[in-house]
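Take a look at the structure below.
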Ligand code: HEM
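Residue numbers (the working numbering): 831 to 1236.
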């Protein structure tokens, strides 16, 4: 499957044509050799199976993300092109909109997730982290995904948004669906959408103003409806955007953090002897093992990227995970180095759509990691970890591990 395509009806003259399927289960399981192949083939490669461009180098990935005028999001940030296909569901007001419409919604959400509002969550996050670390130390042998990487965000994040306790496991299935449908209609997509009607009905009801706890981030978003910046219905959709984007991503990042440390015990020792590094560890984790592996853009008109001619209305898939391991940008890119401070990584995106929830994601990771590093001397794998395949998110299913008290 891997190599130069020829005689394909989708063949593009004069550019590297690759017969790679980035949503094939082989690719999703171990994307890194394919990333390297694409990066080395050129600044933009033609992926003939889907008739789209692939961008795997850091410089070009950053250029595209920063330039919403040339590369829009309103045609969808998944494989489907909303200009020629009816979207599977109404487009998101945030991630699938361009300025100026995007700016209106972004201001409302940006305010709700301001530094001050996120800082106010710290105490509750710390209390929950303390409880979980007690529990895992008591057990000794745990599943890092179930017992920490899922348990922690699935409690603190919906609490912050103001969602009621009951039925929160549905958020996992909902997030899984949202990120699978950015891909092609493969097995992962089809299985995920089978649940769409039930999950969408549930989440829509739970994002209504009256369903959200007083003083919550969800209620702050509804203040945007009170000021007339968005309608009441749009406020509900924005709350839903947070629940779509904020669960699977943080579960993935905390899981990937545990995975990186179990694979690199020397880095755990380094962290314990230099706790001031804690704050930036999550940046290195998501550079190396990015939760969001891909997002798409669409060219607004004919343009070029580093000399490669791109036609109008063509889809480009940005391999964020590949950009973040581009040796043109990073020294020793495949190495997990908690002292690195990887400024400029693209795991949270860049430009106008840069992750609006990044402060919450950083706080979650920092709080749990700090508690763990204080009280746990060693974490070690006790069996192979497994992946839960998703068309967009790199997330583990299970990380069997032992925790040893300090
Ligand atoms: C480590 C965890 C996370 C990662 C890696 C991540 C990654 C990303 C990326 C790459 C984008 C850019 C999308 C684009 O350019 O098309 C983005 C946007 C977004 N993220 Fe996150 N995210 C994370 C956590 C969160 C959390 C916790 C929330 C909610 C509180 C959230 C809400 C959003 C929203 C609403 C957008 C759309 C912003 C816009 O279009 O203006 N994310 N995220």
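Every residue, glycine too, gets a C-beta built ideally from N, C-alpha and C.
Since this is a predicted model, take the numbers as computed values, not measurements.
* Curious, which full-length beta strand (DSSP E) runs of at least 3 residues does the region 913-972 contain? -> none
* Spell out a yes or no on whether the region 1062-1075 and the region 988-996 are touching, meaning 3 or more CB-CB pairs, one atom from each, closer than 8 Å. => yes
* Secondary structure at residue 1126, three-state DSSP: helix, strand or coil? -> For the purposes of this step, residue 1126 is taken as residue 296 along the chain shown, with counting starting at 1. Three-state result, residue 1126: strand.
* Asked: Counting pairs of beta carbons, one from the region 1099-1119 and one from the region 1076-1087, are three or more of them closer than 8 Å?
  -> yes
* Tell whether a beta-carbon distance below 8 Å holds between residue 954 and residue 1050. => Here residue 954 is taken as the residue at index 124 of the chain shown, counted from 1. Here residue 1050 is taken as the residue at index 220 of the chain shown, counted from 1. It is not a contact, given that the beta carbons lie outside the stated cut-off.
* Opening and closing residue of the beta strand (DSSP E) in which residue 1317 lies -> This structure does not reach residue 1317, given that the chain is present from 831 up to 1236, and the question cannot be answered.
* Is any heavy atom of ligand 1 found at a distance shorter than 7 Å from the C-beta of residue 1173? -> Position 343 of the chain shown holds residue 1173. No, the beta carbon of residue 1173 sits no closer than 7 Å to any heavy atom of ligand 1.
* **DSSP three-state assignment for residue 1236, whether helix, strand or coil** => Along the chain shown, one-based indexing puts residue 1236 at 406. Coil, per DSSP.
* Could you pull the start and end residues of the alpha helix (DSSP H) that residue 870 belongs to? => Within the chain shown, residue 870 is the residue found at index 40, counting from 1. Taken as a continuous stretch (DSSP letters only), the alpha helix (DSSP H) holding residue 870 covers 862-871.
* To do: Give a single yes or no on whether residue 939 has its beta carbon closer than 7 Å to a heavy atom of ligand 1.
  => In the chain shown, residue 939 corresponds to position 109, counting from 1. Yes; taking the cut-off as 7 Å, the Cβ of residue 939 has a heavy atom of ligand 1 nearer than that.
* To do: Would you check if the distance between the CB atom of residue 930 and the CB atom of residue 1182 is smaller than 8 Å?
  => Position 100 of the chain shown, counting from 1, holds the residue named residue 930. Position 352 of the chain shown, counting from 1, holds the residue named residue 1182. No; because the gap between Cβ atoms is not below 8 Å, this pair is not in contact.
* Asked: Taking C-alpha atoms, which residue in 1199, 972, 1015 lies nearest to residue 1168?
  -> For the purposes of this step, residue 1168 is taken as residue 338 along the chain shown, with counting starting at 1. Checked all of 1199, 972, 1015; the closest Cα to residue 1168 is 1199.
* Flag this pair as touching only if the region 1023-1038 and the region 870-880 have three or more C-beta atom pairs under 8 Å; answer yes or no. => no
* Could you name the residues of the same chain whose beta carbon sits closer than 7 Å to that of residue 1193, not counting the 5 residues immediately before and after it, in chain order? => Along the chain shown, read from residue 1 onward, the residue named residue 1193 stands at position 363. Answer for residue 1193: 948, 951, 952, 955, listed in chain order.
* Asked: How about residue 1121 and residue 1225: do their beta carbons lie closer than 8 Å?
  -> Against the chain shown, residue 1121 aligns to sequence position 291. Against the chain shown, residue 1225 aligns to sequence position 395. In contact: residue 1121 and residue 1225 (Cβ atoms closer than 8 Å).
* Is DSSP giving residue 853 helix, strand or coil here? -> Here residue 853 refers to the residue found at position 23 when the chain shown is read from its first residue. Correct three-state label for residue 853: coil.
* Asked: Which residues mark the beginning and the end of the alpha helix (DSSP H) in which residue 1211 is found?
  -> In the chain shown, counting from the first residue as 1, residue 1211 sits at position 381. From DSSP, residue 1211 is part of no alpha helix (DSSP H) but of the beta strand (DSSP E) over 1206-1211.
* To do: Please determine, among 1206, 1139, 1195, 1053, the residue with the shortest C-alpha to C-alpha distance to residue 1102.
  => By one-based count along the chain shown, residue 1102 stands at place 272. That would be 1206, whose Cα lies nearest to the Cα of residue 1102.
* To do: Inspect the beta-carbon positions of residue 909 and residue 1091 and report whether they are closer than 8 Å.
  => Translated into the one-based positions of the chain shown, residue 909 becomes position 79. Translated into the one-based positions of the chain shown, residue 1091 becomes position 261. No. Outside cutoff.
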